[in-house]
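A.B. asks: Going left to right, the sequence shown walks through residues 778 to 988 as this note's numbering numbers them. Sending over a structure as structure tokens; questions will come in a sec.
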Amino acid sequence: MSGDGAGASAAIERYYRFHSHIYDATRWSFLFGRRALVARLARHLPAPRRILEVGAGTGRNLVALAEAFPGAAIAGLDASADMLAIAARHVGSPGSRVELVHRRYDAPLSRPQPFDLVVFSYALSMFNPGWSLAIDFARQDLAVGGCIAVVDFHACASKLFKRWMAVNHVCMNGHLLPALATRFYPCHRRVHRAYGGLWSYVTFIGRKSSA
Numbered sequence: 778m779s780g781d782g783a784g785a786s787a788a789i790e791r792y793y794r795f796h797s798h799i800y801d802a803t804r805w806s807f808l809f810g811r812r813a814l815v816a817r818l819a820r821h822l823p824a825p826r827r828i829l830e831v832g833a834g835t836g837r838n839l840v841a842l843a844e845a846f847p848g849a850a851i852a853g854l855d856a857s858a859d860m861l862a863i864a865a866r867h868v869g870s871p872g873s874r875v876e877l878v879h880r881r882y883d884a885p886l887s888r889p890q891p892f893d894l895v896v897f898s899y900a901l902s903m904f905n906p907g908w909s910l911a912i913d914f915a916r917q918d919l920a921v922g923g924c925i926a927v928v929d930f931h932a933c934a935s936k937l938f939k940r941w942m943a944v945n946h947v948c949m950n951g952h953l954l955p956a957l958a959t960r961f962y963p964c965h966r967r968v969h970r971a972y973g974g975l976w977s978y979v980t981f982i983g984r985k986s987s988a
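Put into structure tokens, the structure is as follows:
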């Protein structure tokens, strides 16, 4: 990771040192579509054996993925130890089929067996810089035929709100969907309006079609 990228990652870790304690109580009014994305995956994907969530946060999605795919081994990666400490309480005791990984996603995990599904839930929009590389790393970590699933902020009609979100490390430039669609075969892609169009968020499921 570049010096700028490492500095941005350190800033995010500092940010979540505080926000980890209020995250679940406050983000419900912003982070739309997470449960719906998992439900869509459960309806349309063959049972994945290995799942990675990048930016697992407090582990809410990990619990939903474990419920949706009871036969899968799941890894939840996050750069914030504070967020993972809360995730550990949500996912249960060590030794469960949910593994928590404390590290940046600044390189592929390169496990002996590739993942069948990689999930990003409101993570890529905070990887600034680094979002494009993270998409590439996910592609490397996926098995051929495996899927990437993303729910994230897309764009914003209000310059004031967009600047406020940038203070909170979120980029809302509509940049994620085109990049995802060029790297994966789209199985599902949709832009949704939030709060009457104040901002929009995107859901995307794409398949890796070749090695």
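The C-beta atom is built at its ideal place from N, Cα and C for all residues, glycine as well. Keep in mind that this is a model prediction, so the values were computed, not measured.
Between the segment 953-971 and the segment 936-945, do three or more beta carbon pairs fall short of 8 angstroms?
C.D. replies: Contact between the segment 953-971 and the segment 936-945 is absent, because fewer than three Cβ pairs lie under 8 angstroms.
A.B. asks: Cα-Cα, which of Trp908, Leu910, Ala943 and Trp976 is closest to Ala934?
C.D. replies: Of the candidates Trp908, Leu910, Ala943 and Trp976, the one whose C-alpha sits nearest the C-alpha of Ala934 is Trp976.
A.B. asks: Count the other CB atoms within 10 Å of the CB of Thr980; is the residue buried (16 or more) or exposed (fewer)?
C.D. replies: Thr980 comes out buried.
A.B. asks: Is the distance from the Cβ of Gly853 to the Cβ of Ala824 below 8 angstroms?
C.D. replies: No, the Cβ-Cβ distance between Gly853 and Ala824 is not below 8 angstroms.
A.B. asks: By the three-class DSSP mapping on this structure, what secondary structure does Ile982 have?
C.D. replies: Residue state, collapsed to three classes: strand.
A.B. asks: Assuming Ile925 and Arg817 make a contact with CB atoms under 8 angstroms, what is their CB distance in whole Å?
C.D. replies: Their Cβ separation, rounded to whole angstroms, is 13 angstroms, which puts Ile925 and Arg817 out of contact at 8 angstroms.
A.B. asks: Are the CB atoms of Asp929 and Tyr899 within a distance shorter than 8 angstroms?
C.D. replies: Yes, the Cβ-Cβ distance between Tyr899 and Asp929 is below 8 angstroms.
A.B. asks: Assign His952 to one of three DSSP states: helix, strand, or coil.
C.D. replies: Coil at His952, not helix or strand.
A.B. asks: Tell me Leu814's beta-bridge partners as DSSP assigns them.
C.D. replies: According to DSSP, which records beta bridges pairwise, Leu814 is partnered with nothing at all.
A.B. asks: Here's a check: name, in chain order, each residue in its chain whose Cβ is nearer than 8 angstroms to the Cβ of His952, leaving out the five neighbours to either side.
C.D. replies: If we look at His952 and ignore the five residues flanking it on each side, its Cβ neighbours are Trp908.
A.B. asks: Between Val927 and Leu829, is the Cβ-Cβ spacing less than 8 angstroms?
C.D. replies: Going by C-beta atoms, Val927 is not nearer than 8 angstroms to Leu829.
A.B. asks: Less than 8 angstroms between C-beta atoms, sequence neighbours within five positions excluded: which residues of the same chain meet that for Gly810?
C.D. replies: Around Gly810: Val928, His969, Tyr978 and Thr980.
A.B. asks: Pull the bridge partners of Arg827 from the DSSP assignment, please.
C.D. replies: Answer is Ala850, bridged to Arg827.
A.B. asks: So what does DSSP say about Tyr882, is it helix, strand or coil?
C.D. replies: Here Tyr882 sits in coil by DSSP.
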